[in-house]
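Below is one structure, written out as structure tokens; comments come after it.
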Amino acid sequence: MQSASDRHAYPAHWEADVVLRDGGTARIRPITVDDAERLVSFYEQVSDESKYYRFFAPYPRLSAKDVHRFTHHDFVDRVGLAATVGGEFIATVRYDRIGTDGMPASAPADEAEVAFLVQDAHQGRGVASALLEHIGAVARERDIRRFAAEVLPANNKMIKVFTDAGYTQKRSFEDGVVRLEFDLEPTDRSLAVQYAREQRAEARSVQRLLVPGSVAVIGVGRTPGGVGRSVLGNIGDAGFTGRLYALNRAFPEDLKELDGVPAHRSMRDIEEQVDLAVVAVPAAYVPDVVAECGEHGVQGLVVLSAGYAESGPDGRERQRELVRQARAYGMRIIGPNAFGIINTSADVRLNASLAPEMPRPGRIGLFAQSGAIGIALLSRLHRRGGGVTGVTGVSTFVSSGNRADVSGNDVLQYWYDDPDTDVALMYLESIGNPRKFNRLARRTAAAKPLVVVQGARHGGAAPQGHAVRATRLPHTTVSALLRQAGVIRVDTITELVDAGLLLARQPLPTGPRVAILGNSESLGLLTYDACLSEGLRPLPPLDLTTGASAGDFHEALSHALADETCDAVVVTAIPAIGDASTGDAELAQALRSAAEQVPGKPVLVVHVELGGLAEALSAAASTAPQADRKAPGAMVRPHPFRPLDFRAGNPAEQPDTPQSPTTLIPAYPAAERAVRALAEAVNYAQWRRDATDPGKVPEYEDIDEKGAAQLIGGLLARGQGLTLGTDETCDLLGKYGIDVHRALHAPTPDAAADAARTLGYPVALKATAPHLRHRADLGGVRLDLADEEQLRRAYAELTELFGRPEELRPVVQSMAPRGVDTVVRAVIDPAAGAVLSFGLAGAASQLLGDMAHRLIPVTDREATSIVRSIRTAPLLFGWRGSTPVDTPALEELLLRVSRLVDDHPEVVAVTLEPVVVATHGLSVLGASVRLAPPPARDDLGPRTLPTY
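In the numbering used here, the protein residues as written are 120 to 1067.
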């Protein structure tokens, strides 16, 4: 039991699970008085050399005084943390606050001395680096701004831990000791180091699951059938290259083998190392299984068992305990309630899933939170094949189930530098950490395409079993932010597969210009229309007529690919007619040859399979593309139309590898699907080009950041959260160069006249009651009131129409130049972070949802793009002969709002509405600001695994 400290309660929020460099996990927690025996046992396992490096002298054992000192902390001036595996210490770190004289001190002293000790067996795993991140975060929380460490010159490993951390530091040498001093404020370099370590560790943890040297299936039935027996068979049938074991505590003692696989009653009976355990036992027996696996040194678990968080509160608690237990042993979990994992690499050939067939090897990585969707994705890729000259298969597949531990973020870390994966496809029903996912997606998309379809978009709640941070952002906003990060966002799994097949082996288009050619004029026109609908720029279709030969296709495609006025080519083909028509293989060879002769542009095929329909109606269906497979007794009627077979040769014999000499040309059964996939590729390619120069966050000399901070601090002293009044709002925005047209309250006609005289005519009279605010269509606004007579008449009209002044809340405001009414908003979402939004005021944004969104801080290039990305943007640029408005002034306003929220996270919401953008300049006519303590930024803290 962990006791209270000398001065402060036990800081449970400092506890964290971390992934180490080798992919294993450890628990970091504060050291308490109850840890005396653990500390002594830990110290006894440390080598004499490591002890010498820690204490600068031989120190064979800890005295009782030492043990007391190292286990009694006040969690303010003296703090100790331990990294544990299996409940036992593997490393410790502590700091002691010191004054300028180097002696123990209390606040306000802001420096501390820090020291580490890592068990020799765990050195090189990145334990010290993880502990440094966590002890640094603790120190900052306790107002310590600087660490000092004294290290012997020969202790190169520890010196490297400090120097590689990325903090601003000073080094000195005196009396034979290296003294290091470094500030704890995170820097760009320290964050980059932290993210790089995070990527390596999490990628390695997934690699240990996907590339095991040995696998044990626990819960294998003695008779055929059942989940465990099925998975065992699937692993064996796939040709797994490592060792395989079958386990069931109910096996007879004399059973030594099952289906040719060594059989055991317990993990303890296996003498060799087991890397991965596939657990298929009832949930009640899983804890015992996990304990056996942990004691045996198993590196990871795939838990197929159900009965966890998807089943209700009791199951959720079982799931929490499962994760805690597995992490305590340094293991990571896929699941529970998982479908399984697949790795098609020839060096592994692992099918530890419920999929009865191993997918074809290929370049596409698949992640699905749903087992049913995972089956659908595998089936569609298997059925579609994917190429005129071959197939596009799968590199790795992960179905995470309840994703209690390993999530899409972890798999993205693995795919980022996986040489076997060129395209990542993900089906997500929830995003547990949107801020981190956005960061990882942006980095991944810069290297390889990432296509995402999100399920449960409109359900309003996460699926059962998923732990998800609450977000107030609508799905459309989340989708826009994903696109900003380079994610190819699609709506259906069909579109997911369509985009994946194109991106897997075709080059990215350099622009939106599309050449169309084929042997059907009608199909060409449909393709042309689809291109226009998707925002592409199609060239007039080239009709080769139905009598076109393979040579005609080759010549036309070669000419189109060589044409500098096109960036991509869509080939349309209808079924060949008659025995004398062009053969499938001949046409496939012609297209492949042309594409290889003039590489660099994507080629897609749209084909119609009339004959395929007749076969499907008369023969048994199969997910495998086996032309000779027939249902017993089925009668196949001859059909004059032969479907074009866009899979030349035997697909199973044509793995999609980087060395594959053939060009894979994706084929689609409908023009709309092909063009939609091409449009996504065009947009993604443009994002890749833009990402090379993201722009910069400009500095403005008139911004008073310190003055704004003082104002915010004074206002927040009144309470935890408040909406500012008009004067306070204007004052705060003014600190950032944002001028708001002041509106003076007019509770009476005389007050309105006085306000108008103060502001100067002409003026506007507005009702600001909630049901009338920003609703000029309801008649609650009177503009261009030139004198007092017009003003009093307007005042009388408003009160006659809408009620008493106290109900209307009328205000008087000076007139602004005419222009386009827009709205600018910024909000800090607890899950996604700070988001800037822009749109036209009124129906465009409120009814049609025509808003653009960017994550804060916004760069100058992003400000330019957000203005142009709404559908109604033409109204800003001279639509139908109108005068263009001052968009540079609008972009500057967006940048200033972004700076305000980024500099002061206490500003949790800003709304500027309307912002009237005129030919020259703009006017902010309405503004509101809300202040509150900012939500915690866990992305700036030390590395941790998510918890429930």
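Positions of the beta carbon are idealized from the N, C-alpha and C atoms, including for glycine.
Since this is a predicted model, take the numbers as computed values, not measurements.
N- and C-terminal bounds of the alpha helix (DSSP H) containing residue 203: Careful: residue 203 lies outside any alpha helix (DSSP H), inside the beta strand (DSSP E) at 197-204.
Would you give the residue range spanned by the alpha helix (DSSP H) that residue 277 belongs to? 275-282
Residue 888 and residue 932 closer than 8 Å at C-beta: no
Would you tell me roughly how many angstroms separate the C-alpha atoms of residue 644 and residue 483, rounded to the nearest one? 32 Å
Counted within 10 angstroms of its Cβ, other Cβ atoms place residue 506 as buried (16 or more) or exposed: At residue 506, the pLDDT of 47 sits below 50, so the modelled position is not reliable; the number obtained from the coordinates is stated separately. Buried, since its Cβ has 16 or more Cβ neighbours within 10 Å.
Beta strand (DSSP E) runs contained entirely in the region 495-547, provided each spans 3 or more residues: 513-518 and 542-547
Exposed or buried, residue 279, counting other C-beta atoms within 10 Å across all chains shown (16 or more means buried)? exposed
Three-state secondary structure assigned by DSSP to residue 771: In this prediction, residue 771 has a pLDDT of 39, which is less than 50 and means its spatial position is unreliable; what the coordinates show is noted afterwards. Of the three classes helix, strand and coil, the one that applies to residue 771 here is helix, per DSSP.
CA nearest to the CA of residue 714, picked from 691, 680, 341 and 167: 680
Range covered by the beta strand (DSSP E) that runs through residue 267: 265-270
Assign residue 489 to one of two classes, buried (16 or more other C-beta atoms within 10 Å of its C-beta) or exposed (fewer than that). buried
Please state whether the Cβ-Cβ distance between residue 618 and residue 570 is less than 8 Å. yes
Which two residues bound the contiguous beta strand (DSSP E) that contains residue 932? 929-933
At least three beta-carbon pairs within less than 8 Å, the region 432-451 to the region 469-479: no
Thinking just about the alpha-carbon of each residue, which of 804, 929 and 544 is nearest to the one in residue 882? 929
Beta-carbon spacing of residue 1088, residue 230 below 8 Å: Residue 1088 lies beyond the residue range present for the chain, which begins at 120 and ends at 1067; the question has no answer from this structure.
For residue 372, tell me which candidate among 148, 378, 379 and 383 has the shortest Cα-Cα distance. 383
8 Å is my cut-off, CB to CB: does residue 798 come that close to chain B? The displayed structure is made up of one protein chain only, and chain B is not part of it.
Taking contact to mean 3 or more Cβ pairs, one atom from each stretch, closer than 8 Å, check whether the region 1005-1013 and the region 787-804 are in contact. no
Can you tell me the Cα-Cα spacing of residue 136 and residue 622, whole angstroms? 37 Å
Residue 179 Cβ short of 7 Å to the ligand NAD heavy atom set: In terms of ligand content, the structure shown is empty, and the ligand NAD therefore cannot be addressed.
Assign residue 135 to one of three DSSP states: helix, strand, or coil. strand
Between residue 395 and residue 450, what straight-line distance do the alpha-carbon atoms span, to the nearest angstrom? 10 Å
Straight-line CA distance for residue 966 to residue 952? 25 Å
Where does residue 784 fall in DSSP's three states? coil
Indicate the three-state DSSP secondary structure (helix, strand or coil) for residue 473 in the structure shown. coil
Residues that DSSP places opposite residue 974 in a beta bridge: 954
Going by DSSP in three states, residue 885 sits in which element: helix, strand or coil? strand
Please return the same chain residues whose Cβ sits closer than 7 Å to the Cβ of residue 1004, not counting the five positions on each side in sequence. 938, 939, 995, 1036, 1037 and 1038
Reference residue 972, options 232, 963 and 988, closest by Cα: 988
Straight-line Cα distance separating residue 956 from residue 415: 53 Å
What are the start and end residues of the alpha helix (DSSP H) that includes residue 605? Note, residue 605: premise wrong, no alpha helix (DSSP H); not H, not E.
So is residue 743 buried or exposed if we call it buried at 16+ other beta carbons inside 10 Å? Note that residue 743 scores 34 on pLDDT, short of 50, meaning its location in the model is unreliable; the coordinates nonetheless yield the value given after this. Classification of residue 743: exposed, given that the 10 Å Cβ count is below 16.
Would you kindly work out how many angstroms separate the C-alpha atoms of residue 915 and residue 854, rounded to a whole number? 38 Å
Span of the beta strand (DSSP E) holding residue 301? 296-302
Under the DSSP definition of a beta bridge, which residues are partnered with residue 61? Past the edges of the chain, shown from 120 to 1067, lies residue 61, and the structure says nothing about it.
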